[in-house]
Amino acid sequence: MTATPIKLTPLHAAAQRLNAQFTETAGWRCPQAYTSVEQEMTAARSLCALGDVTLHGKVQIEGAEAAAAVRAALGDAPKEIGRGIHVEAGFVYRLRRDMFYLSTPPSQERDALSRLEAALRQAPLFVTITDVTHGLADLRLIGPASRTVLSKLCGLDFHPEVFPDMTARQTSLAKTRQMLIRRDFGELPAYNVIGAQSLAVHLWSVILEAGHEFGIAPIGAAAMATLETA
Amino acid sequence: MQTSQTVAPTTRSHRLPTQPGEVLDRSTTIKFTFAGREYTAHPGDTIASALAAAGVQVLSRSFKYHRPRGLLCCAGHCPNCLVQIGDEPNVRACRTSVTAGMNVRPQNAWPSLAADMMSLTQLGDRLLPVGFYYKTFIHPKSLWPMYEKVLRHTAGLGEVSPNTPPEEHSKQFLHTEVAVIGGGPAGLSAALAAAERGAKVMLLDENSALGGHLRFASDRAYLAELLNAVRQNANIAVGTDTTVLGWYLDNWLSALSGHRLFKVRARTVIVATGAYEAPLVFDGNDLPGVMMGSAVQRLIHLYGVVPGQRAVIVTTNDDGWAVAADLLSADAKIEGIVDERKREACHSPHVDKVAASAPIFWERTIVGADGSGSVSRALIARATAPGNADENSIQKITCDLIVLSTGWTAAADLAYQAGAKAIYDESRAEILPAHWPKSIYVAGRAAGTHTIEAQVMEGRLIGLSAAAYAGHGGAPGADEQSALAARKSAESRRTSARVINPGHKKRFVCFCEDVTDQDIKTAIEEGYNTMELLKRYSTVTMGPCQGKMCAVNAIHLCARANSWSVQESGTTTFRQPTTPASLGTLAGQHMEPEQVTPVHQWHLDHGAKIMLAGLWTRPLHYGDPTAEVKTVRERVGLIDVSTLGKLRFTGPGVPTLLDRLYINPFGNLGVGRVRYGVMCNDEAVVLDDGVSARLAENEWYTTTTTSGASAMFESIQWWMQSGWGEGVHLTDLTETYSAFNLAGPKSREVLQKLTALDVSNAVFPYMHVRRTEVAGVPCIILRIGFTGELSYEIHVPSAYALHLWEALMEAGKESGIAPFGVEAQRVLRLEKGHIIVSQDTDATTDPIAADLGWAVKLDKPDFLGKRSLVRITAEGPKQKLVGFKMARPGVIPDEGVQIVRTGAGGRQDILGYVTSSRFSPTLNEVIGLCWLPPDLAAQNGASFTIRLTDGKALEEAHVHHGPFYDPQGKRLKI
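From first to last, the protein sequence lines are chains A and B.
Oh and the first sequence: position 115 is 115 in the working numbering, straight run, nothing missing.
So the mapping is simple: the working numbering equals the position in the second sequence, first residue as 1, plus 1000.
And the structure:
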């Protein structure tokens, strides 16, 4: 029929304009690197870097008994609103009393969905599970200056005491509705900015402009993978 | 015409040897120009200090009378040093550092600062009395265009060029527990006290270094110690060159620093912003050479400049004696100290030193300043009862500098904005902030505290109080508080309440707007006697200084004229911003959100003309919308409708909810079926339309219009949370799915190439939905018909959208596929008579009026708008939306034009208006939709008159019932 379908993030054209080298991961075409892995790692560690991690799986779980479904399917569920925990399937955050957000490695949302659906077949609770992988763009802002860059675009208090690691907040950023999740790379501060895929191009350029004075650089999948395991 | 004598430098330099604490780098010099002449400065000089060093006394011409003006406050408060630098008008020379090659131009003077023709206005000052805006330049009315032209040319300060390239501005949010505004002794001390208790402190000061008035005092006690302690305290974040523009609700502060606007949220705010030194009102008080005492001290200590050689100091406090001592140290001659007080009231340590080289005039005050273009004489007289001087005792003193140390006005604007009350303290003759709201504190001169020891002590206690409020430590004890109170009340009075007798010359109250005390008297006599009225009528306090230099004098004059106390007169309202801020700063970084579909780049690459639909960018057409219409009617077209709202309903309660939300029935919709639905509000006003598809027993998929997407989501959520949400979840999938409409008689053959699903008419009929793979990706296909042709609306997960679009375009090549845009779609739907909500409907339209009565099911138990619809069904709508065709070919009325009926005497009555109007290439005539009275709308073929946009031309049109094209809808069902 036609060529094997490849998934593109909303920043594909922007990445092409930045002369990114592309790779294919889990059916997604995404930037492997924009400059070099070493340069991008340096930027992330000492200044600030911005990566496109839209290819990660994203699942929304909603319902009065959503916590029970999440516990049954994924092993555990955060109790406090705004908190996140690490589970085998990825990272799950509680956005409301009745809503959870699960982030999975690329293409593993399918597995998580199966587990959740299986759990609901076992115990029929009224819980709605939605794969929102395609609807949300996910940008990762990494580095010591990431907090300051965010403070130019968002009115939340980013002080570590108020916004600790593994916290999710829904807020207004660059005049758009976004979810901000702090998930550090060890000692290195890092935040995910998650919102409507149609706004990704706008958000990407606004964050790069705000970060310009801090030497912000785009970071590709290769460098981010190294930081993840470091 | 007044000319200025002193553009040329004087013979003796005004520059002093290096001063301790000065901000200059004497090792190099830089050059700049002012009014076309070149001057030399040191790095660190402001434009004002460099010009003062060169002996330049006149910096500007006043707003109304174009009088020469010179340095007065040297602190950024008064308007006298406003200059134009390049493209930027109204720059304060006294707060702007010189840079190499800077080109500084005077404002408001033509042809030059020295010889300003507009100063002739002074001769006509009888034509320009106070409030002349309301009295003159009114008659004859026919001359107004000329008056306007002249007035526009003469009014205003500075020039703005529309071609100025945009600058980079940005904003930043900051958070803190204790915000201390002002880095003088009180502020430094408060910041330290709060930080030592563990509070997070932010210390903001508008100057380039901390220290406040200690930076230019001759006695710098405490300064080094305080600065060191602040520097070493990790809890204090310092922001210099940062001006707080305003206080807003919940201790939100906006603060300007260069091109950055900080938005600070603080738990508590300490206002330690000091005080303005205010001038007296006397004959000729606006002459260049009249200067505030603190201005002289700034020039001497920060910039090593002495602004005059023969000084007269007019004082009512010990501060003036410190200024005199500074002038002596700078080798200036003191021609006299004019102290309003008795000898016994003066406790300055400098008296003996000063008395040894200068005459002292006790119990005297100034009544006039003389000079042609600048000060050459001071006229003093014996001070009698408050506000008076004995005219028979006038003495004249030759001088070139008159220094005023006659009083302070607390700069507590921010505290007043936060809700503090302005109270006149008689003992101090100062208006001071009182009754501070919780979490707001005031310390130092801003609270009327003048001795340095008391300022430091007060700062400390306030810092502890603020820290305690923020949850760190306890408030200061009663002992400390009373010790401070005792110290404060022991302070001598610093401020004169003096307002001088009428004289023969102009005595200025407001330097910005050239308002004299006579103007104020006249305004009050005319009946504008309260401060708020007086301000608006005379414009006093309304100029660049916003009352910093003139409000207190105006209040005293107002009180006197009305025989009120100062407290009864009251102040005008303190408003943000405290200092001018450019609109560029308030705009910040350019970040206007834009939404694009995954196919956006493809559209651009293929020649799309883009339009904005809310925040979305969409292709209007690809070059020839008429050809696009034909493509869809004859072959197959593809349009990107990803912007549509998409809502997913899950749960057993969905049918009941949908029945309540829509005017149509939905509960009975079978799985795999699609139905068009209209949603109204509870007053039966049409909100939105779209289709709902039942994907599974408990799973529904609904589309909304592009512009209605978020509103519909919120509205439905609201109803769900208000009690209709039992057994229903609503998920917004607008972004998760993109969507394309493949439309035209050949659409089936194209689609069949890409899917294994049998899409023949028998298997996949009109108004059905299927979930299947298309081009290898999972899609939802809705067979619906907005355009009136066989069409498939294919919803695809967004990351696959471009892949699917390209696959469809490729598969459709043989069938002559082409993309089509919003314009072609508008024509296609109009040919079928389909409405667009909020174009053909407005905020009063009900479904019956909009010819959607067929969709209304009144026998449903309850639904949004039912009650109104029952009534409208019984009474009939007040107007009807109906189709029309134009009688004459080639006439396309603009959308929105009126439909009129000409009655007796040529009067035109409005019957309705045109909502949609296009040339139809399919029918080769002009068609449209319009609102008409029901009886006229009911007559198919009836004639009516449209009045075109020019307001004159009248064109005939005829009512047309039903779709213009394929009225049976056959082409949809092939």
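Positions of the beta carbon are idealized from the N, C-alpha and C atoms, including for glycine.
Asked, Found
"7 Å Cβ cutoff met for residue 2019 of chain B and residue 1370 of chain B", "An answer regarding residue 2019 of chain B cannot be provided, because it is not within the stretch 1001 to 1974 covered by chain B."
"Any chain B beta carbon closer than 7 Å to residue 135 of chain A", "yes"
"Chain A contacts from the segment 1234-1261 of chain B (Cβ-Cβ distance under 8 Å)", "none"
"Residue(s) in a DSSP beta bridge with residue 218 of chain A", "A/50"
"Spatial distance of residue 1388 of chain B from residue 1338 of chain B (CA atoms)", "15 Å"
"C-beta contact flag for residue 1397 of chain B and residue 1378 of chain B at 7 Å", "yes"
"Residues that residue 198 of chain A contacts on chain B, provided the C-beta gap is smaller than 7 Å", "1595, 1596, 1597 and 1735"
"Cα-Cα separation, residue 1862 of chain B to residue 1870 of chain B", "11 Å"
"Complete runs of the alpha helix (DSSP H) confined to the segment 1897-1932 of chain B [at least 4 residues]", "none"
"Of the residues B/1655, B/1184 and B/1879, the one placed nearest residue 1851 of chain B, counting alpha carbons only", "B/1879"
"Cβ-based burial, residue 52 of chain A [other Cβ within 10 Å; buried from 16]", "buried"
"Cutoff 7 Å: residue 1776 of chain B Cβ touching any chain A Cβ", "yes"
"Beta-carbon separation (whole angstroms), residue 1899 of chain B vs residue 1919 of chain B, contact threshold 8 Å", "The pair is not a contact, with the Cβ atoms about 19 Å apart (cut-off 8 Å)."
"Assumed close pair residue 1543 of chain B, residue 1847 of chain B - CB separation to whole angstroms, cut-off 8 Å", "About 58 Å separates the two Cβ atoms, so there is no contact after all."
"Residue 1228 of chain B (DSSP reduced to helix, strand or coil)", "helix"
"Close Cβ partners of residue 1354 of chain B (< 7 Å) along its chain, the five nearest in sequence each way excluded", "1321, 1324, 1325, 1328, 1334 and 1337"
"Members of the segment 1787-1818 of chain B near chain A, C-beta cut-off 7 Å", "1797, 1798, 1799, 1800, 1802, 1803 and 1807"
"Delimiting residues of the alpha helix (DSSP H) encompassing residue 58 of chain A", "Careful: residue 58 of chain A lies outside any alpha helix (DSSP H), inside the beta strand (DSSP E) at 57-62."
"Option in B/1623, B/1785, B/1055 and B/1067 with minimal Cα separation from residue 1516 of chain B", "B/1067"
"Chain-ordered residues of the segment 1151-1176 of chain B with a beta carbon less than 8 Å from chain A", "1170, 1171, 1172, 1173, 1174 and 1175"
"Endpoints, the beta strand (DSSP E) within which residue 1655 of chain B is located", "Per DSSP, residue 1655 of chain B belongs to no beta strand (DSSP E); it is in the alpha helix (DSSP H), 1654-1661."
"With 16 other Cβ atoms within 10 Å as the buried cut-off, status of residue 1946 of chain B", "buried"
"Min CB distance residue 58 of chain A to chain B below 7 Å", "no"
"Per-residue DSSP class, three states only, for residue 1282 of chain B", "coil"
"Identity of the residues DSSP links to residue 30 of chain A by a beta bridge", "A/23"
"Per-residue contacts from residue 1729 of chain B into chain A (C-beta, under 7 Å)", "62, 63 and 128"
"Which listed residue (A/169, A/212, A/210 and A/161) has its alpha carbon closest to that of residue 1200 of chain B", "A/161"
"For residue 1021 of chain B, the three-state DSSP class (helix, strand or coil)", "coil"
"Inter-stretch contact (C-beta, 8 Å, three-pair minimum) for the segment 1274-1283 of chain B and the segment 1548-1555 of chain B", "yes"
"Buried or exposed by the 16-neighbour rule on C-beta atoms within 10 Å, applied to residue 1147 of chain B", "exposed"
"Where residue 1651 of chain B meets chain A, residues with beta-carbon distance less than 8 Å", "126 and 128"
"Contacts that residue 1591 of chain B makes with chain A (C-beta to C-beta distance below 7 Å)", "174, 175 and 206"
"Within the segment 1788-1821 of chain B, ranges of the beta strand (DSSP E) (whole runs, at least 3 residues)", "1791-1797"
"Spatial neighbours of residue 1085 of chain B in its chain, beta-carbon cut-off 6 Å, leaving aside the 5 residues before and after", "1091 and 1104"
"Under 7 Å from the C-beta of residue 1601 of chain B: neighbouring residues of chain D", "Of the chains in the structure shown, none is chain D; the protein chains are A and B."
"Residues that DSSP places opposite residue 1244 of chain B in a beta bridge", "B/1255"
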